[in-house]
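Residue numbers (the working numbering): 120 to 664.
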Amino acid sequence: MKHLLTTTALVLGLALPLTLAAQTTAMDPNAKSGGGIVVTYKDDVATLDPAIGYDWQNWSMIKSLFDGLMDYAPGTTDLVPGLAESYTISDDGQTFTFKLRAGVKFHNGREMTAEDVVYSLNRVTNPKTQSPGAGFFGSIDGYDAVADGSATSLSGVSSSGPLSVTIKLSRPDATFLHVMALNFASIVPKEAVDAAGDDFGKNPVGTGAFSLGEWTIGQRLVFTKNPDYWRAGLPYLDSITFEVGQEPIVALLRLQNGEVDIPGDGIPPAKFREVMDDPAQAARVVEGGQLHTGYITLNTQMPPFDNVKVRQAVNMAINKARIVQVINGRAVPATQPLPPSMPGYTDGYAGYAFDKDAAKALLAEAGFADGFDTELYVMNTDPNPRIAQAIQQDLAGIGVRAAIKSLAQASVIAAGGEADQAPMIWSGGMAWIADFPDASNFYGPILGCAGAVQGGWNWSWYCNEDLDAMAAKADAVTDPAKADERLQMWSDIYMEVMKDAPWVPVFNEQRYTMKSERMGGADALYVDPVSIPINYDYVYVNDVQ
Numbered sequence: 120m121k122h123l124l125t126t127t128a129l130v131l132g133l134a135l136p137l138t139l140a141a142q143t144t145a146m147d148p149n150a151k152s153g154g155g156i157v158v159t160y161k162d163d164v165a166t167l168d169p170a171i172g173y174d175w176q177n178w179s180m181i182k183s184l185f186d187g188l189m190d191y192a193p194g195t196t197d198l199v200p201g202l203a204e205s206y207t208i209s210d211d212g213q214t215f216t217f218k219l220r221a222g223v224k225f226h227n228g229r230e231m232t233a234e235d236v237v238y239s240l241n242r243v244t245n246p247k248t249q250s251p252g253a254g255f256f257g258s259i260d261g262y263d264a265v266a267d268g269s270a271t272s273l274s275g276v277s278s279s280g281p282l283s284v285t286i287k288l289s290r291p292d293a294t295f296l297h298v299m300a301l302n303f304a305s306i307v308p309k310e311a312v313d314a315a316g317d318d319f320g321k322n323p324v325g326t327g328a329f330s331l332g333e334w335t336i337g338q339r340l341v342f343t344k345n346p347d348y349w350r351a352g353l354p355y356l357d358s359i360t361f362e363v364g365q366e367p368i369v370a371l372l373r374l375q376n377g378e379v380d381i382p383g384d385g386i387p388p389a390k391f392r393e394v395m396d397d398p399a400q401a402a403r404v405v406e407g408g409q410l411h412t413g414y415i416t417l418n419t420q421m422p423p424f425d426n427v428k429v430r431q432a433v434n435m436a437i438n439k440a441r442i443v444q445v446i447n448g449r450a451v452p453a454t455q456p457l458p459p460s461m462p463g464y465t466d467g468y469a470g471y472a473f474d475k476d477a478a479k480a481l482l483a484e485a486g487f488a489d490g491f492d493t494e495l496y497v498m499n500t501d502p503n504p505r506i507a508q509a510i511q512q513d514l515a516g517i518g519v520r521a522a523i524k525s526l527a528q529a530s531v532i533a534a535g536g537e538a539d540q541a542p543m544i545w546s547g548g549m550a551w552i553a554d555f556p557d558a559s560n561f562y563g564p565i566l567g568c569a570g571a572v573q574g575g576w577n578w579s580w581y582c583n584e585d586l587d588a589m590a591a592k593a594d595a596v597t598d599p600a601k602a603d604e605r606l607q608m609w610s611d612i613y614m615e616v617m618k619d620a621p622w623v624p625v626f627n628e629q630r631y632t633m634k635s636e637r638m639g640g641a642d643a644l645y646v647d648p649v650s651i652p653i654n655y656d657y658v659y660v661n662d663v664q
């Protein structure tokens, strides 16, 4: 619960000087600089625009191209300085003044200023940008006016000099500094955005450890080391080549042959036992916990899922234990949106038990005694189609006939962002992993009204304004002495969500990845909880000559 360290300052109104100590302590004395690595993915990358990108595949890529005012220590959830050198917080916890680092350069060679921060926050919250992360900034003064189009800039964000930015909030927000560490809060140069227009996501310019050197659509992306990076000594690598269009099983074979360093899609489930039973391969496996929930979204705006009894019946129809077996037991059945390791998780809540007879009875009450036809969208990377087939079979058991639409990740995400396109989505491969370690993060973007917009991540299109108000009240609790009270409020919110049943929470999964023998750096970097899945800025290769 790192936000409590922050909220202590909120209460006391402290000035908090920030140094590079947290980063320098993460520097590996055994690291070698130079060389390049090859990372594979099945699908091409949709975008590298930090205001837009929001999937498993592009998150760590974007994080290596851009920086925000705040960041996390590599491999941890500990807040540390980013582009902010220091900051102060007012006594009421609603005004933050950030002093920026001097001499930070964008990839185009221009030095970053406070005006770039103002521009970037205005851009990500502008509805024309269609950022799925816009709702994260809802506590900034003037956000509502920007969101409804009555204003074009945030009244709460201003510069007071070339290296000073003031951000005023409309209400206390216990999560605000976490928000400023998200990719969505990355700083971008206006001239590069203007020059690229809608193609900025293909022509990104940031201040990050790497810059985009090449992008051949459908084949590869090449990141090259930023020689002017403001963190001295980083990154270690000279380049990263992302090869796309690689089937996960082929990628594993290439790793075994020394042609690939990291299979970005992870260990193919069909090969998991084979890998783990081979000591030589198992030695290259990295396992890590994650704040993750895999779920089925039920579009509450599309009949028959606009009927709560139908949604509850679908919850009862899913045999979660059997689905966990599909992925070789690498997860535990989920009962609620929050994973068990997240503060605010409701202990003892059993959720909807697997009960086909009860599900059929509830469907009959809802007027669907003979079931109905629907569609289930799924990402086309194994094991997700097999999981979708298991879901399909469970639904057939209560008379629900679900046609599977197995598509590339970007196509599933696009369908979920349209109010009337995807009745059901299995979230696997795109399932929610917390942007930051706070209970609120499983609500706003994926269950709150702010996320139920075109291009948003709330694929159930669920909007309960009463719960939104409860969420705002919970996040206004910034007193560390009331931390338990705040967590209870979040527990109550998620229990109300489960009554409305916009999701079927299915499982909470562990993360497994592999690396080649030449890769160096702490294991935590390869299952980084924030730079998901990998923190490329700090990894290196051992065979540099």
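Where is the CB? At the ideal position from N, CA and C, for every residue including glycine.
Excluding five sequence neighbours on each side, which residues of the same chain lie with their C-beta closer than 6 Å to the C-beta of residue i?
{"i": "Tyr173", "result": "Pro251"}
{"i": "Tyr471", "result": "Asn434, Met435"}
{"i": "Val649", "result": "Tyr191"}
{"i": "Ala165", "result": "Ala529"}
{"i": "Cys568", "result": "Cys582, Asp587"}
{"i": "Arg290", "result": "Ser258, Ala595"}
{"i": "Thr232", "result": "Pro281"}
{"i": "Phe185", "result": "Pro169, Ser305, Gly325, Gly327"}
{"i": "Leu606", "result": "Pro462, Gly463"}
{"i": "Ile381", "result": "Val158, Lys634"}
{"i": "Lys479", "result": "Ile517"}
Of the residues the options, which one's Cα is nearest the Cα of residue i?
{"i": "Pro388", "options": "Ala402, Leu188, Ile442", "result": "Ile442"}
{"i": "Ile306", "options": "Val394, Gln176, Asp235", "result": "Asp235"}
{"i": "Glu230", "options": "Ile437, Gly320, Gly325", "result": "Gly325"}
{"i": "Val663", "options": "Gly155, Leu606, Ala370, Val369", "result": "Gly155"}
{"i": "Gly187", "options": "Leu202, Leu198, Pro542, Phe491", "result": "Leu202"}
{"i": "Asn447", "options": "Ile415, Lys479, Ile386", "result": "Ile386"}
{"i": "Gly518", "options": "Leu374, Lys524, Asp476", "result": "Asp476"}
{"i": "Pro346", "options": "Pro148, Ser330, Met543", "result": "Ser330"}
{"i": "Glu378", "options": "Trp609, Ala521, Thr159", "result": "Thr159"}
{"i": "Phe391", "options": "Ile368, Arg373, His411", "result": "Ile368"}
{"i": "Leu410", "options": "Phe561, Asp619, Thr632, Val243", "result": "Phe561"}
{"i": "Val672", "options": "Glu406, Val298, Ile181", "result": "Outside the shown range of the chain, which is 120 to 664, sits residue 672, and nothing can be said about it."}
{"i": "Glu537", "options": "Tyr464, Gly516, Ala571", "result": "Ala571"}
{"i": "Asp163", "options": "Ser358, Lys182, Gly383, Ile286", "result": "Gly383"}
{"i": "Thr493", "options": "Asp539, Lys224, Phe217, Met633", "result": "Asp539"}
{"i": "Gly275", "options": "Pro246, Val237, Ala150, Arg242", "result": "Val237"}
{"i": "Val646", "options": "Phe295, Thr195, Ser183, Ser559", "result": "Thr195"}
{"i": "Ala620", "options": "Val427, Val404, Ala399, Gly407", "result": "Val427"}
{"i": "Lys224", "options": "Ile286, Asp425, Trp349", "result": "Trp349"}
{"i": "Met421", "options": "Met617, Lys182, Ala293, Ala541", "result": "Ala541"}
Given residue i, which residues of its chain have a CB within under 7 Å of its CB, disregarding the five upstream and five downstream residues?
{"i": "Ala221", "result": "Leu282"}
{"i": "Phe487", "result": "Pro423, Val429"}
{"i": "Ile565", "result": "Trp551, Trp576, Asn577"}
{"i": "Gln511", "result": "Leu495, Ala521, Ile523"}
Name, in chain order, the residues that DSSP records as bridge partners for residue i.
{"i": "Ser358", "result": "Gly155, Thr343"}
{"i": "Ser579", "result": "In DSSP, Ser579 forms no bridge with anything."}
{"i": "Ile381", "result": "Val158"}
{"i": "Val646", "result": "Per DSSP, none; premise fails for Val646."}
{"i": "Leu526", "result": "Met498"}
{"i": "Val623", "result": "Ile415"}
{"i": "Leu198", "result": "Tyr191"}
{"i": "Tyr659", "result": "Gly639"}
Are the C-beta atoms of residue i and some chain B residue less than 7 Å apart?
{"i": "Phe215", "result": "Among the protein chains of the structure shown there is no chain B, as only one such chain exists."}
Please go through the same chain and pick out, in chain order, the residues whose beta-carbon is closer than 8 Å to the beta-carbon of residue i, but skip the five residues on each side of it.
{"i": "Lys439", "result": "Pro452, Ala453, Phe473, Val625, Phe626"}
{"i": "Lys321", "result": "Thr166, Leu167, Ala315, Trp334"}
{"i": "Thr244", "result": "Ser250, Ala253, Phe256, Ile259, Tyr262, Val265, Ala266, Leu273"}
{"i": "Glu604", "result": "Val596"}
{"i": "Met608", "result": "Met589, Lys592, Ala593, Val596"}
Inset, instruction - State whether the segment 452 to 469 contacts the segment 612 to 628, with contact taken as three or more CB pairs (one from each stretch) at a distance under 8 Å. - result: Contact holds: three or more Cβ-Cβ distances are below 8 Å.
Legend entry - Any 3 or more C-beta pairs closer than 8 Å across the segment 573 to 585 and the segment 437 to 454: Segments in contact, no.
Inset, instruction - Please list the segments of the beta strand (DSSP E) lying wholly inside the segment 252 to 333, counting only runs of 3 or more residues, in order along the chain. - result: You should have 276 to 278, 283 to 287.
Legend entry - Contact the segment 617 to 634 vs the segment 479 to 490: 3+ CB pairs below 8 Å: A contact between stretches requires three or more CB pairs, one per stretch, nearer than 8 Å, and the segment 617 to 634 fails this requirement with the segment 479 to 490.
Legend entry - Inter-stretch contact (C-beta, 8 Å, three-pair minimum) for the segment 206 to 216 and the segment 304 to 312: Contact between the segment 206 to 216 and the segment 304 to 312 is absent, because fewer than three Cβ pairs lie under 8 Å.
Legend entry - Three-pair Cβ contact test at 8 Å for the segment 636 to 643 versus the segment 423 to 438: The segment 423 to 438 and the segment 636 to 643 do not touch, with fewer than three beta-carbon pairs separated by less than 8 Å.
Inset, instruction - Pick out the complete alpha helix (DSSP H) segments inside the segment 490 to 522, 4 residues or longer, and give them in chain order. - result: Unbroken alpha helix (DSSP H) runs of no fewer than 4 residues, entirely contained in the segment 490 to 522, are found at 503 to 515, following chain order.
Legend entry - Segments assigned alpha helix (DSSP H), at least 4 residues, entirely inside the segment 387 to 472: With a minimum length of 4 residues, the unbroken runs of alpha helix (DSSP H) contained wholly in the segment 387 to 472 fall at 391 to 395, 398 to 401, 427 to 436, 439 to 445.
Inset, instruction - Report yes or no: do three or more beta-carbon pairs, one from the segment 296 to 305 and one from the segment 164 to 179, lie closer than 8 Å? - result: The way I'd put it, the segment 296 to 305 does touch the segment 164 to 179; three or more beta-carbon pairs between them come closer than 8 Å.
Legend entry - Those runs of the beta strand (DSSP E) which lie wholly inside the segment 528 to 564 and span at least 3 residues: DSSP assignment within the segment 528 to 564 yields the following whole beta strand (DSSP E) runs of 3 residues or more, N-terminal first: 543 to 545.
Legend entry - Segment contact flag, the segment 588 to 601 with the segment 353 to 363, C-beta cutoff 8 Å, min 3 pairs: Contact between the segment 588 to 601 and the segment 353 to 363 is absent, because fewer than three Cβ pairs lie under 8 Å.
Inset, instruction - Kindly confirm or deny that the segment 264 to 272 and the segment 332 to 347 touch, where touching means at least three C-beta pairs closer than 8 Å. - result: In this structure the segment 264 to 272 does not touch the segment 332 to 347; the number of beta carbon pairs closer than 8 Å is below three.
Legend entry - Inter-stretch contact at 8 Å, needing at least 3 Cβ pairs: the segment 535 to 555 / the segment 413 to 420: A contact exists between the segment 535 to 555 and the segment 413 to 420.
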